[in-house]
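So the sequence shown is numbered by numbering that gives the first Met the number 0: it starts at 0 and just counts up by one. The C-beta atom is built at its ideal place from N, Cα and C for all residues, glycine as well.
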Amino acid sequence: MSLTKPFEDARAALALGPGDIDPAALKRAYRRAVAEHPPDTDADAFRRVREAYELLRDPGPRAREMLLRPVPAVPPPAPPEATPPPPRGATAVALLRLVVMRARAAALVMPAPKPKARPKSAARAEAT
């Protein structure tokens with residue numbers, strides 16, 4: 000919950016606009032809201048209007064209370080479910096697949112060409 004939410008709700012209950020910040024405008028809005036929701040016909044709405052007026056008339060204590068209120072301890076979330084163990088023999092099957100893939104890759108690799116032998120006459124010429 001936001002720290003400003005109760006104050007915004009109180010302003011909405013009294014139908015105060017953004018420019019209505021002086022005590023006289025607050026009192027006019029309260030009187031207008033009480034006339035719309037009299038206590039004998041609509042007790043819940045009257046209670047909301049009265050609480051909104053009391054909050055906005057002196058917001059300091061309520062704001063201080065909200066800031067100093069301890070934050071409730073929330074338990075940590077549950078750990079995710081463990082994945083099921085692999086079926087028996089799955090490791091052996093995975094290793095066999097790896098061996099087969101490497102064997103196929105080795106078969107696809109062309110052997111390097113053998114170096115050509117130089118003629119014996121060229122080898123003798125270099126030696127001298």
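Can the beta-carbon of R27 be found closer than 8 Å to that of L55?
A distance of 8 Å or more separates the beta carbons of R27 and L55.
With a 10 Å radius around its C-beta and 16 neighbouring C-beta atoms as the bar for buried, classify V98 as buried or exposed.
exposed
Could you give the distance in angstroms between the alpha-carbon of T82 and the alpha-carbon of D19?
59 Å
What runs of the alpha helix (DSSP H), each 4 residues or longer, lie entirely inside the region 53 to 109?
58 to 67, 89 to 107
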